[in-house]
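Visitor: Before I ask anything, let me first share the structure, which is written out below as structure tokens.
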Amino acid sequence: MSILVTGASGFVGLNIVEQLLTQGEHVVALADRPLPPIAAFAFSELPGQLTSICADIRHQDGIRRILAEQQVTRVLHAAAITSNVARERTESGLVVGVNMAGLAAVAAASAAHGVERFVFVSSNAIFGGGTPDYAMLDEDWPKDPGNLYALSKWTGEMILDKIGNATGLDWVAGRLAGVFGPWEYRTGMRDTMNPVFQANSLALAGSPAFLPRPGRSNWHFSRDAAASLITLLTTPVHRHAIYNLGTPFIWSIGDWCARLTERFPAFRYQIGGEIGEATEINLYGDHDGGILSWQRFAEEFGPTGIADLDAAFDHLMNWQAAHDAFGLERSAA
């Protein structure tokens, strides 16, 4: 018996695969490209069994064969193109094909195969960029997707609802927001790098950073985000189909940069004012927006996160030192 993880070579996917292998599971890591060599080596040392497969998630018959051959019992669907405006101008068909048709193909194949649970990685992007600063966005907050990526996540939840009704597929969606941490890198499918990643890259390069504002949110450590998704995958029962996976730890990118100056003495940053020679950290919008809730998940399963700012910072700095600063960009942008 095994667990299929799609998008396994991506940022969130790598965190999921690593944790499942640590738990001793047989993981079928499916992606459009091989795992990064450093990840494949690290994962080979873990107690679980890893089977890596390169395949196109849009090919339903091919996915169904993989499910049968690997005796898959549960599926965690993390595959997606996290697109920016530039990509959506030129590759909108690809974004829709992977994010919507790909989800439908994997879900339909999973239903036909008879998997016990199907978990979809959704996003707070479905709420749009106009939410009031620091408003608590619960699962029922009005949806206003502002781009194809956000629309694909909202549509994905509706696709699963229809497939579930038609086939009996037991599905759950976990909505993530502001994920940062180990294994983030430019995959070719991820256009919007987390501000923490941007700040860490500038600090490593010794380049000054500019923040238009502090950038306050409940940023979610990738280890914790993966653990929450795995909980949804493995729990015997769940009361809801959709869970927001925010975290109660609220802090700013300015707070993170302050800690970086202690670790990298050459690093400087400023908040507001004239940008000068500094590189601006993209906070993706002109205001911070709402805070993704966590209460529904926490009441049923426990915390969505255990790493506050200081714990996450120490963990990530130590991890980067042990993994040759994997993914970070070593020259100024």
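In the numbering used here, the protein residues as written are 527 to 859. Just so it is clear, CB atoms sit at the ideal spot from N, CA and C, and this is done for glycine as well. Every value quoted in this text rests on a predicted model; they were computed, and no experiment measured them.
Counting Cβ pairs, one atom from each stretch, are 3 or more of them under 8 Å apart for the region 544-557 and the region 611-629?
Guide: The region 544-557 is not in contact with the region 611-629.
Visitor: Does the Cβ of residue 618 have 16 or more other Cβ atoms within 10 Å, making it buried, or fewer, making it exposed?
Guide: Position 92 of the sequence shown, counting from 1, holds the residue named residue 618. Under this definition residue 618 is an exposed residue.
Visitor: Using the C-alpha atoms, what's the distance from residue 747 back to residue 705?
Guide: Position 179 of the sequence shown, counting from 1, holds the residue named residue 705. Position 221 of the sequence shown, counting from 1, holds the residue named residue 747. Roughly 6 Å between the two C-alpha positions.
Visitor: If you drop the 5 nearest sequence neighbours on each side, which residues of the same chain put their C-beta closer than 6 Å to that of residue 601?
Guide: As a first step, residue 601 must be located in the sequence shown, where it is residue number 75. Result list for residue 601: 530, 636, 641 and 644, in chain order.
Visitor: Identify whether residue 769 lies in helix, strand or coil by the three-state DSSP scheme.
Guide: Here residue 769 corresponds to residue number 243 of the sequence shown, with the count starting at 1. Strand.
Visitor: For residue 575, does the count of other Cβ atoms within 10 angstroms reach 16, so buried, or fall short, so exposed?
Guide: Along the sequence shown, read from residue 1 onward, the residue named residue 575 stands at position 49. Its Cβ having fewer than 16 others within 10 Å, residue 575 is exposed.
Visitor: Might you give, ordered along the chain, the residues of its own chain that have their beta carbon closer than 8 Å to the beta carbon of residue 682, omitting 5 neighbours on each side?
Guide: Start at 1 with the first residue of the sequence shown, and residue 682 comes out as number 156. Excluding sequence neighbours, residue 682 sits near 625, 626, 629, 646, 648 and 699.
Visitor: Please classify residue 538 as buried or exposed, where buried requires at least 16 other C-beta atoms within 10 Å of its C-beta.
Guide: Numbered from 1 along the sequence shown, position 12 holds the residue referred to as residue 538. Per the 10 Å Cβ criterion, buried.
Visitor: List the whole-angstrom C-beta distance separating residue 773 from residue 744, where the pair is believed to meet the contact cut-off of C-beta under 8 Å.
Guide: Mapped onto the sequence shown, residue 773 falls at position 247. Mapped onto the sequence shown, residue 744 falls at position 218. At roughly 5 Å, the Cβ-Cβ gap stays under 8 Å, so residue 773 and residue 744 are in contact.
Visitor: Once you ignore the five residues that flank residue 718 on each side, which residues in its own chain have a CB closer than 7 Å to its CB?
Guide: Within the sequence shown, the letter at position 192 stands for residue 718. For residue 718, where only same-chain residues beyond five positions count, the Cβ hits under 7 Å are 608, 610 and 810.
Visitor: Are residue 532 and residue 605 closer than 7 Å when you measure CB to CB?
Guide: What you label residue 532 is simply residue 6 of the sequence shown in a count that begins at 1. What you label residue 605 is simply residue 79 of the sequence shown in a count that begins at 1. Contact: yes.
Visitor: Please name the residue or residues paired with residue 657 in a DSSP beta bridge.
Guide: Your numbering for residue 657 matches position 131 in the sequence shown. Partner(s): none; residue 657 has no beta bridge.
Visitor: Would you call the region 670-680 and the region 751-758 in contact, with 3 or more CB pairs under 8 Å?
Guide: No, the region 670-680 does not touch the region 751-758.
Visitor: Terminal residues of the continuous beta strand (DSSP E) containing residue 849?
Guide: The sequence position of residue 849 within the sequence shown is 323, counting from 1. No beta strand (DSSP E) contains residue 849, which DSSP labels as neither H nor E.
Visitor: Tell me residue 795's beta-bridge partners as DSSP assigns them.
Guide: Within the sequence shown, the letter at position 269 stands for residue 795. Beta-bridge pairing links residue 795 to 735.
Visitor: Going by DSSP, which residues form a beta bridge with residue 601?
Guide: What you label residue 601 is simply residue 75 of the sequence shown in a count that begins at 1. Note: residue 601 sits in a beta bridge opposite 530 and 644.
Visitor: At the level of alpha carbons, what is the spacing between residue 562 and residue 855?
Guide: On the sequence shown, residue 562 is found 36 positions in, with the first residue counted as 1. On the sequence shown, residue 855 is found 329 positions in, with the first residue counted as 1. So the alpha carbons of these two residues sit roughly 16 Å apart.
Visitor: Here's a check: name, in chain order, each residue in its chain whose Cβ is nearer than 6 Å to the Cβ of residue 770, leaving out the five neighbours to either side.
Guide: Position 244 of the sequence shown, counting from 1, holds the residue named residue 770. If we look at residue 770 and ignore the five residues flanking it on each side, its Cβ neighbours are 665, 701, 818 and 819.
Visitor: Could you pull the start and end residues of the beta strand (DSSP E) that residue 578 belongs to?
Guide: Position 52 of the sequence shown, counted from the start, is the residue given in the question as residue 578. Element bounds for residue 578: 575-580.
Visitor: In angstroms, rounded to a whole number, what distance separates the CA positions of residue 566 and residue 680?
Guide: Working through the sequence shown from its first residue, we reach residue 566 at position 40. Working through the sequence shown from its first residue, we reach residue 680 at position 154. Taking the straight line joining both Cα atoms gives about 32 Å.
Visitor: Between the Cα of residue 633 and those of 584, 670, 667 and 662, spot the shortest distance and give me the residue it belongs to.
Guide: One-based indexing of the sequence shown puts residue 633 at position 107. If we check each option's Cα against that of residue 633, 584 comes out closest.
Visitor: For residue 708, count neighbouring C-beta atoms within 10 Å of its own C-beta (all shown protein chains included) and say buried if the count is 16 or more, exposed if not.
Guide: By one-based count along the sequence shown, residue 708 stands at place 182. Residue 708 should be labelled buried.
Visitor: Check residue 543 in the structure and name its three-state DSSP category.
Guide: Within the sequence shown, the letter at position 17 stands for residue 543. DSSP places residue 543 in helix when its eight states are reduced to three.
Visitor: Which class does residue 747 belong to by DSSP, given the choice of helix, strand or coil?
Guide: Within the sequence shown, residue 747 is the residue found at index 221, counting from 1. In this structure, residue 747 counts as strand in the three-state DSSP scheme.
Visitor: Provide the residue(s) that pair with residue 806 in DSSP beta bridges, ordered along the chain.
Guide: One-based indexing of the sequence shown puts residue 806 at position 280. Paired residue(s): 736.
Visitor: Taking the alpha carbon of residue 715 as the reference point, which residue from 593, 597, 621 and 825 has its own alpha carbon closest?
Guide: Start at 1 with the first residue of the sequence shown, and residue 715 comes out as number 189. Minimum Cα distance to residue 715 is reached at 621.
Visitor: Helix, strand or coil for residue 554 per DSSP?
Guide: Here residue 554 corresponds to residue number 28 of the sequence shown, with the count starting at 1. Residue 554: strand per DSSP, three-state reduction.
Visitor: Indicate the three-state DSSP secondary structure (helix, strand or coil) for residue 824 in the structure shown.
Guide: Stepping through the sequence shown from its first residue, residue 824 is reached at position 298. Of the three classes helix, strand and coil, the one that applies to residue 824 here is helix, per DSSP.
Visitor: Looking at residue 573: is its Cβ nearer than 7 Å to the Cβ of residue 536?
Guide: Position 47 of the sequence shown, counted from the start, is the residue given in the question as residue 573. Position 10 of the sequence shown, counted from the start, is the residue given in the question as residue 536. Going by C-beta atoms, residue 573 is not nearer than 7 Å to residue 536.
Visitor: Under the three-state reduction of DSSP, which class applies to residue 861: helix, strand or coil?
Guide: No statement about residue 861 is possible, as the shown extent of the chain runs from 527 to 859 and does not include it.
Visitor: Can you give me the Cβ contacts of residue 540 inside the same chain, cut-off strictly under 6 Å, excluding the 5 residues immediately before and after it?
Guide: The residue given as residue 540 occupies position 14 in the sequence shown. Cβ neighbours of residue 540 beyond the five flanking positions: 565 and 709.
Visitor: Rounded to whole angstroms, how far is the Cβ of residue 805 from the Cβ of residue 728, which I believe are closer than 8 Å?
Guide: For the purposes of this step, residue 805 is taken as residue 279 along the sequence shown, with counting starting at 1. For the purposes of this step, residue 728 is taken as residue 202 along the sequence shown, with counting starting at 1. Right, their Cβ atoms sit about 6 Å apart.
Visitor: Taking the alpha carbon of residue 736 as the reference point, which residue from 784, 798, 542 and 836 has its own alpha carbon closest?
Guide: For the purposes of this step, residue 736 is identified with residue 210 of the sequence shown, where counting begins at 1. Residue 798 is the option with its Cα nearest to residue 736.
Visitor: Any idea if residue 763 is buried or exposed, counting beta-carbon neighbours within 10 angstroms, 16 or more meaning buried?
Guide: On the sequence shown, position 237 is the one that residue 763 refers to. When all chains shown are included, residue 763 counts as exposed.
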